[in-house]
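Encoded as structure tokens, the structure appears first; notes follow it.
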Amino acid sequence: MAAELGCEHVCLFTQAISPSLPSVGDADVPALAAAMADAGVSAYGVTSFVVGGPIPLADLERGLARGQQLGAQYASVRIEEPDEARAAEGFAGLAELAARHGLVASIEFVGYGNPELLPRTLRIIEAAGAGALSIDPTHIVRSGASLDLLRRVSPARIGYVQLCDGPAEAPESAYMNEMRYERLPPGEGAFPLAEILSVVPAGRAVSLEVPQASLADASAIDRCRRAVEATRRFLAATEPD
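Note that the working numbering has the sequence shown beginning at 802, numbered continuously upward.
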């Protein structure tokens, strides 16, 4: 589908986080890598790697290795360790493992109504001396993150970028459902996407995370086409003259 829609990359789960979410295992890699090569598609990001979760750091390396085999550039990381010093130590270790496999560990913070999440994430990256910040508009907007602080982030610390859109405001009770099942394609909501994208280095690939359970009756290719075409329209409309 990615090749049919003119997309160069895909994002894949190479680290299982839930039995309900399909992930790429060692046995899947040869056939998947061959199919991707035939289609002219490579991985962009792989997920989902958790610092402070139930899986020991050393056991995450296989997922990183699978990402490397599929040509990925970024490993998406969530921080669940509440202690900031331990979080930084754990992230430093994961970033080192990722680097061994040619990947940049990129933190995606998650939370509602907590503007401290962005500065905390930046402090963890700084303390680790490695890795980068993932750009996810849903979490940036719903956390209440400071766009002024985001604009001051060094381009070298901007990592994995994924786009979506949504209403300007939404209650906390809707956050998890929105995050997992109901996002809008770029340009169809009220997120300050142009401001958010202004921090992304020129030439950086962007991915899409636009789950829409409300369109479950549509075919997979039709859902993907809708998101991709909307994104292209949005990017074309926001490109500087």
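All residues carry an ideal CB built from backbone N, CA and C; glycine is no exception.
Assuming residue i and residue j are in contact, meaning their beta carbons sit under 8 Å apart, how far apart are those beta carbons, in whole angstroms?
| i | j | result |
| --- | --- | --- |
| L847 | G868 | Checking the sequence, you will find Val at residue 847 rather than Leu. That belief holds up - the Cβ atoms of V847 and G868 are roughly 4 Å apart, short of 8 Å. |
| R879 | S843 | The Cβ separation is near 23 Å, so there is no contact. |
| A893 | L865 | Going by Cβ atoms, the distance from A893 to L865 rounds to 15 Å, so no, they are not a contact pair. |
| E989 | Q1013 | Contact doesn't hold; Cβ gap of about 10 Å is too wide. |
| E897 | A888 | Contact doesn't hold; Cβ gap of about 15 Å is too wide. |
| L861 | L895 | 7 Å |
| V942 | G967 | 7 Å |
Could you check what DSSP says for residue i in three-state terms: helix, strand or coil?
| i | result |
| --- | --- |
| V830 | helix |
| T815 | coil |
| V1029 | helix |
| L898 | helix |
| G891 | helix |
| Q1013 | strand |
| G846 | strand |
| R867 | helix |
| A1044 | The chain is shown from 802 up to 1042; residue 1044 falls before or after that span and cannot be answered. |
| A1037 | helix |
| A1019 | coil |
| A1006 | coil |
| I997 | helix |
| A886 | helix |
| A766 | The structure shown does not extend to residue 766, since the chain spans only 802 to 1042, so no value can be given for it. |
With distances taken Cα to Cα, identify the nearest neighbour of residue i among the options.
| i | options | result |
| --- | --- | --- |
| L964 | M977, A991 and D949 | A991 |
| A906 | T1032, G930 and A838 | G930 |
| I926 | V1001, V942, I959 and L898 | I959 |
| D829 | P968, E917 and F814 | F814 |
| L761 | S824, A957 and R901 | Residue 761 lies beyond the stretch modelled for the chain, which goes from 802 to 1042, so this question has no answer here. |
| S935 | A928, R943 and L919 | L919 |
| R1005 | A1019, M802, I1022 and L1036 | L1036 |
| P790 | E973, L1009, A817 and S955 | Lying before the first or after the last residue shown, residue 790 is absent from the chain, which here runs from 802 to 1042. |
Taking three-plus beta-carbon pairs below 8 Å as touching, is the stretch 869–886 in contact with the stretch 826–838? Yes, they touch.
Scan the stretch 913–987 and note each continuous beta strand (DSSP E) run of 3 residues or more that stays entirely inside, going in chain order. Qualifying beta strand (DSSP E) stretches, in chain order: 933–936 and 959–964.
Given 8 Å, three or more beta-carbon pairs between the stretch 969–987 and the stretch 946–961: Contact between the stretch 969–987 and the stretch 946–961 is absent, because fewer than three Cβ pairs lie under 8 Å.
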